[in-house]
Amino acid sequence: MNLALFDLDNTLLAGDSDVEWPKFLIGRGIIDAEHHARHNDYFYEQYKAGTLDIDAFLEFQLAPLARFTREELDSLHAEYMGEHILPIIPAKARALVAAHQAEGDLVMIITATNRFITGPIARELGVEHLIAVELEEGADGRYTGRYTGTPSFKDGKITRLNEWLAARRQTLASFTRCYFYSDSRNDLPLLSQVSDPVAVDPDEALRAHACAHGWPVITLRD
1 MNLALFDLDN TLLAGDSDVE WPKFLIGRGI IDAEHHARHN DYFYEQYKAG TLDIDAFLEF
61 QLAPLARFTR EELDSLHAEY MGEHILPIIP AKARALVAAH QAEGDLVMII TATNRFITGP
121 IARELGVEHL IAVELEEGAD GRYTGRYTGT PSFKDGKITR LNEWLAARRQ TLASFTRCYF
181 YSDSRNDLPL LSQVSDPVAV DPDEALRAHA CAHGWPVITL RD
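For the record, in the sequence shown the residue sitting at position 31 is 31 according to full-length UniProt numbering, with numbers rising by one throughout.
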């Protein structure tokens, strides 16, 4: 059996779900546009440079979730999916996921975005297995605005994947081939671990690395 791993944002999506969510909240008047833009631009420059402070970013990004009940968040997410996510799922992305599933491969999305945002997106793509940033819940079941465990970012993706595989009594060596599709230089740690790394609509740093190492470079954009 093969293992097919997919990054989500700017890979299976022609955009970033972690960017689209605050855009949606701004459009609803839930968060302040100027305040968010100032802080988000700061973190985005870090992300592009490969220097993102993941703890500080998650503290900023997750805070709005604590303002709502789970029922309110689920209702908001349904609107967000229809307005912001479904339009940026390329047909080629759906087809690639389906092709791996048709071959009997074990398919997973592994993303640095949190599970609240990405869980419904994974279901829309027909992907059962998801590794994402896990959210802390209070005694009342509401999100606290904090995360738990290891963030699935950079080397954290390797840690979380190995933990998931160990729970199944597997390792990467259990699979004949292991694919990982990603757009980002931040995924170089995991891309370098798998047998079949694939750069998807990559950033400049990943494109250069892929070309230097003979990795395939593909596009999933329609």
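Yeah, the Cβ is synthetic: ideal placement off N, Cα and C, and Gly gets one too.
{"Asked": "Inter-residue Cα distance where the pair is S184 and N10", "Found": "8 Å"}
{"Asked": "Beta-bridge pairing of I30 - partner residues as DSSP gives them", "Found": "DSSP output for I30 lists no bridge partner at all."}
{"Asked": "Reduced DSSP category for T159 - H, G, I as helix; E, B as strand; rest coil", "Found": "helix"}
{"Asked": "I88 versus F175: straight-line alpha-carbon distance, rounded", "Found": "31 Å"}
{"Asked": "Whether V200 touches L172 by CB criterion (8 Å)", "Found": "no"}
{"Asked": "For L52, the nearest candidate out of L206, A205, K154 and W164 (CA to CA)", "Found": "K154"}
{"Asked": "T113 and L8 closer than 8 Å at C-beta", "Found": "yes"}
{"Asked": "Contact between the region 54–69 and the region 137–155 (3+ Cβ pairs under 8 Å)", "Found": "yes"}
{"Asked": "DSSP bridge partner residues for C178 (one or two, in chain order)", "Found": "L3"}
{"Asked": "C-alpha gap between V198 and L13, whole angstroms", "Found": "15 Å"}
{"Asked": "Status (buried if at least 16 other CB within 10 Å, exposed otherwise) for A93", "Found": "buried"}
{"Asked": "Nonlocal neighbours in the same chain, by C-beta distance under 6 Å from L161, ignoring five residues either side", "Found": "none"}
{"Asked": "Rounded Cβ spacing between P22 and H36 (contact assumed at less than 8 Å)", "Found": "5 Å"}
{"Asked": "Delimiting residues of the alpha helix (DSSP H) encompassing P120", "Found": "R115 to E124"}
{"Asked": "Cα-Cα separation, F43 to E59", "Found": "12 Å"}
{"Asked": "C-alpha distance - E134 paired with G149, whole-angstrom precision", "Found": "7 Å"}
{"Asked": "L135 in three-state terms, based on DSSP", "Found": "strand"}
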